[in-house]
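Engineer:
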Amino acid sequence: MVDRLHPLHQQSMQYHSVRNQPRTTEKNTFKEVLAQTEDLQFSKHAQTRMKQRGIALSLEQVNLLNEKMVEAKSKGVTESLVLTKDAALIVNTHKRTVITAMSRGEADAHIFTNINGTILLNK
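For the sequence shown, the residue numbers in my numbering are 2 to 124.
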């Protein structure tokens, strides 16, 4: 028994002109858009700890932390230890959330686990 071979049918391809399509220009960089749309959040636990321990972040520190979290997230960091002059914070970069906070003195006696990055804020 011999199978018949059917000749291949060539499909005609249609080409679309790209000249008539408008080009899109982005005014803001991706980093700027991301920073504008996502604000830093503080978990209820972190808010309680900061209040109990008298920890306050300046506006400059919060802005710098926002920038560094975007940078850390772009490098694959998910959970990070953030060290400032007065405090140590654990943050989740994907949720852009401060999970917990403690004073630097209190942090000296701790071993931090389940983090894959560290952010130093010297402000």
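C-beta: ideal position from N, C-alpha, C; glycine also. Note that the structure is a prediction, hence the values are computed from the model and not measured.
Do the stretch 66-78 and the stretch 44-52 touch if we need at least three Cβ pairs shorter than 8 Å?
Structural biologist: Too few Cβ pairs lie closer than 8 Å, so no.
Engineer: Let me know if Gly55 comes out buried or exposed under the rule of 16 or more other beta-carbons within 10 Å of its beta-carbon.
Structural biologist: Per the 10 Å Cβ criterion, exposed.
Engineer: Mind checking whether Ala88 and Leu82 have CB atoms under 8 Å apart?
Structural biologist: No.
Engineer: Reducing DSSP to helix, strand and coil, say where Asn93 ends up.
Structural biologist: Reduced to three states, the DSSP call for Asn93 is strand.
Engineer: Kindly indicate the opening and closing residues of the alpha helix (DSSP H) around Thr49.
Structural biologist: Where Thr49 is concerned, the enclosing alpha helix (DSSP H) stretches over Lys45 to Arg54.
Engineer: Return the first residue and the last residue of the beta strand (DSSP E) that Ala110 is part of.
Structural biologist: First-last for Ala110: undefined, no H or E at that position.
Engineer: Can you tell me which of the three DSSP states Val63 falls into?
Structural biologist: Three-state DSSP puts Val63 in a helix.
Engineer: Could you tell me whether the Cβ of Lys96 comes closer than 8 Å to any Cβ of chain D?
Structural biologist: Looking at the structure shown, chain D is missing, and only one protein chain is on hand.
Engineer: Give the DSSP-derived three-state secondary structure of Val71 in the structure shown.
Structural biologist: Reduced to three states, the DSSP call for Val71 is helix.
Engineer: Is it buried or exposed for Thr114, if we count other Cβ within 10 angstroms and need 16 for buried?
Structural biologist: Exposed.
Engineer: Label Met51 either buried or exposed according to how many other C-beta atoms from any shown protein chain fall within 10 Å of its C-beta, with 16 as the threshold for buried.
Structural biologist: It counts as buried.
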